[in-house]
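**Q** Per the working numbering, residue 33 is the first one in the sequence shown, and the count goes up by one each step.
Before we start, here is the structure in question, set down as structure tokens.
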Amino acid sequence: MSKDRRNVKKHHPTLQPIGNPGDESDKTVRIKIGKKESLPKDTNGCMTLRVVAGRDMLSFVILKPGKQILIGRDENADLRLQDRAVSSRHAVINYLENGDINIIDIGSTNGTIVNGARIQSCPLNDGDYLEIGDASLRVSWQSMSEVMHQQRVLERLNAANTDPLTGLLTRSYLQEEAEKLLQVCITRNIPLSCAFIDLDKFKPINDTFGHQVGDEVLKNVGRIILMKVRSGDPCVRYGGDEILLIFPGIDEKVAQQVVNRIRTSILRHEWGRIAVGLQLSASFGVSSYKEGDNFKDVLNKADKAVYKAKNSGRNKVVTYTSELG
33 MSKDRRNVKK
43 HHPTLQPIGN
53 PGDESDKTVR
63 IKIGKKESLP
73 KDTNGCMTLR
83 VVAGRDMLSF
93 VILKPGKQIL
103 IGRDENADLR
113 LQDRAVSSRH
123 AVINYLENGD
133 INIIDIGSTN
143 GTIVNGARIQ
153 SCPLNDGDYL
163 EIGDASLRVS
173 WQSMSEVMHQ
183 QRVLERLNAA
193 NTDPLTGLLT
203 RSYLQEEAEK
213 LLQVCITRNI
223 PLSCAFIDLD
233 KFKPINDTFG
243 HQVGDEVLKN
253 VGRIILMKVR
263 SGDPCVRYGG
273 DEILLIFPGI
283 DEKVAQQVVN
293 RIRTSILRHE
303 WGRIAVGLQL
313 SASFGVSSYK
323 EGDNFKDVLN
333 KADKAVYKAK
343 NSGRNKVVTY
353 TSELG
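Following this line, the structure appears as structure tokens:
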């Protein structure tokens, strides 16, 4: 998705103390779509096709009964994929009025794969995985809250004050807004936590696979993070492969749980879609505001915690209070 900054509003994070970021406990029960089944009319959700790994990660389209979806590099495609291994007109998905969904490869160069098998045409069900070029996609039933969250993430990626590569806030946020946010939390008597993320062995990735792959890694990491946090949680590209997360209204214990989910998502992501043999993990340091701290104090504690995580085995979460405080 291109970054047209002319008509995009600035992203101004707001306090959201209620509810935990990254909480997946309320996921909608999946509904099987098959030949003899149809969607309950009162279900508040929709079928989606979304990119879960690859250059176009987070791109998605809603599947609507009676409509056909074109997938490809063509500028008129309903789901446009930038990967060069994708044909201009690669495949179509038909969602019939009776609830049946099927996919047809329309003469693509590199073929269409569904659940590991190359197909010419086949039915699709909730949870099926597709491989189109180097993109990994999933068909899934999503609640409207999930769809709206995904749309908000895409909007954040295109906000005017974000880093053009990762879609995260730039470091200028720390000079302009971070201390103000802390003071609001103090005034409202609610907690504030921070987490530093440092990608493990990122320099060898650049050295081995090249800087273009390194950029794609950073881009995907940004998207993984934004999908796991709340819409109002500031996420800042601090420098290079370092990322800072700020959690207003969240204490250190809950922040630890959130970033551990992010750590797991990074570890399990299909990095091989970007480059064969590519793997990635990350280390995390978490801290929270204590009486008398300014924002720089909270930041320094998170920095010390991530330093310990990096130097005690990597791919782990260290909290300042429990391990350094």
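Just so you know, even glycine gets a beta-carbon here, dropped at the ideal spot from N, CA and C.
Nothing here was measured: the structure is a model prediction, and the numbers come from that model.
CA-CA distance, Gly-324 and Asp-158?
**A** The residue given as residue 324 occupies position 292 in the sequence shown. The residue given as residue 158 occupies position 126 in the sequence shown. Between Gly-324 and Asp-158, the C-alpha separation is close to 51 Å.
**Q** Give me, in chain order, the residues of the same chain whose beta-carbon lies closer than 8 Å to that of Ile-257; leave out the 5 immediate sequence neighbours on both sides.
**A** Locating residue 257 in the sequence shown gives position 225, counting from the first residue. Leu-200, Ile-229, Cys-267, Ile-275, Leu-277, Ile-294, listed in sequence order.
**Q** Can you look up Tyr-161 in the DSSP assignment and give me helix, strand or coil?
**A** By one-based count along the sequence shown, residue 161 stands at place 129. Three-state result, Tyr-161: strand.
**Q** Please work out which residues of its chain come closer than 6 Å, Cβ to Cβ, to Leu-214, disregarding the five sequence neighbours upstream and downstream, and give them in chain order.
**A** Taking the sequence shown and counting its residues from 1, the one referred to as residue 214 is at position 182. Hits under 6 Å: Leu-224, Phe-327.
**Q** Nearest to Leu-146 by CA position, among Asn-130, Glu-129, Ser-140, Ile-164, is which residue?
**A** On the sequence shown, position 114 is the one that residue 146 refers to. A small fix is needed here, since residue 146 is Val in this sequence, not Leu. Closest option to Val-146, Cα to Cα, is Ile-164.
**Q** Which class does Ile-294 belong to by DSSP, given the choice of helix, strand or coil?
**A** Mapped onto the sequence shown, residue 294 falls at position 262. The answer is helix: DSSP assigns Ile-294 an H, G or I state.
**Q** Which residue's Cα is closest to the Cα of Ile-136: Gly-148, Ser-119, Pro-155?
**A** Counted from its first residue, the sequence shown places residue 136 at position 104. When only C-alpha atoms are compared, the closest one is Pro-155.
**Q** Pull up the CB-CB distance for Ile-94 and Thr-80, whole angstroms please, since I reckon it's below 8 Å.
**A** Along the sequence shown, one-based indexing puts residue 94 at 62. Along the sequence shown, one-based indexing puts residue 80 at 48. Confirmed, Cβ separation roughly 6 Å.
**Q** Just to confirm, is the Cβ distance from Ala-227 to Ser-91 under 9 Å?
**A** Residue 227 sits at position 195 when you count from the first residue of the sequence shown. Residue 91 sits at position 59 when you count from the first residue of the sequence shown. Not a contact, by the Cβ cut-off of 9 Å.
**Q** Whole alpha helix (DSSP H) runs in the region 262-306 with 4 or more residues, listed along the chain?
**A** You should have 284-300.
**Q** Which value, in whole angstroms, describes the spacing of the CA atoms of Gln-193 and His-181?
**A** Looking up residue 193 in the sequence shown gives position 161. Looking up residue 181 in the sequence shown gives position 149. The sequence given here has Asn at residue 193, not Gln. Each residue's Cα considered, the two are about 20 Å apart.
**Q** Given this structure, state the Cα-to-Cα distance separating Ile-125 from Ile-103, to the nearest angstrom.
**A** Locating residue 125 in the sequence shown gives position 93, counting from the first residue. Locating residue 103 in the sequence shown gives position 71, counting from the first residue. Between Ile-125 and Ile-103, the C-alpha separation is close to 8 Å.
**Q** For the alpha helix (DSSP H) containing Asp-239, list its first residue and its last residue.
**A** The residue given as residue 239 occupies position 207 in the sequence shown. Start and end: 234-241.
**Q** What are the partner residues of Cys-217, as DSSP defines its beta bridges?
**A** The residue given as residue 217 occupies position 185 in the sequence shown. Paired residue(s): none; Cys-217 is not in a bridge.
**Q** Between which two residues does the beta strand (DSSP E) holding Arg-170 run?
**A** Along the sequence shown, read from residue 1 onward, the residue named residue 170 stands at position 138. Taken as a continuous stretch (DSSP letters only), the beta strand (DSSP E) holding Arg-170 covers 167-175.
**Q** Taking the beta strand (DSSP E) that Ser-319 belongs to, which residues open and close that run?
**A** For this step, residue 319 is matched to residue 287 along the sequence shown. Taken as a continuous stretch (DSSP letters only), the beta strand (DSSP E) holding Ser-319 covers 314-320.
**Q** Considering only their Cβ atoms, is the gap separating Ala-314 from Asp-232 smaller than 9 Å?
**A** Sequence index remark: in the sequence shown, residue 232 carries index 200 (1-based). Sequence index remark: in the sequence shown, residue 314 carries index 282 (1-based). It is a contact, given that the beta carbons lie within the stated cut-off.
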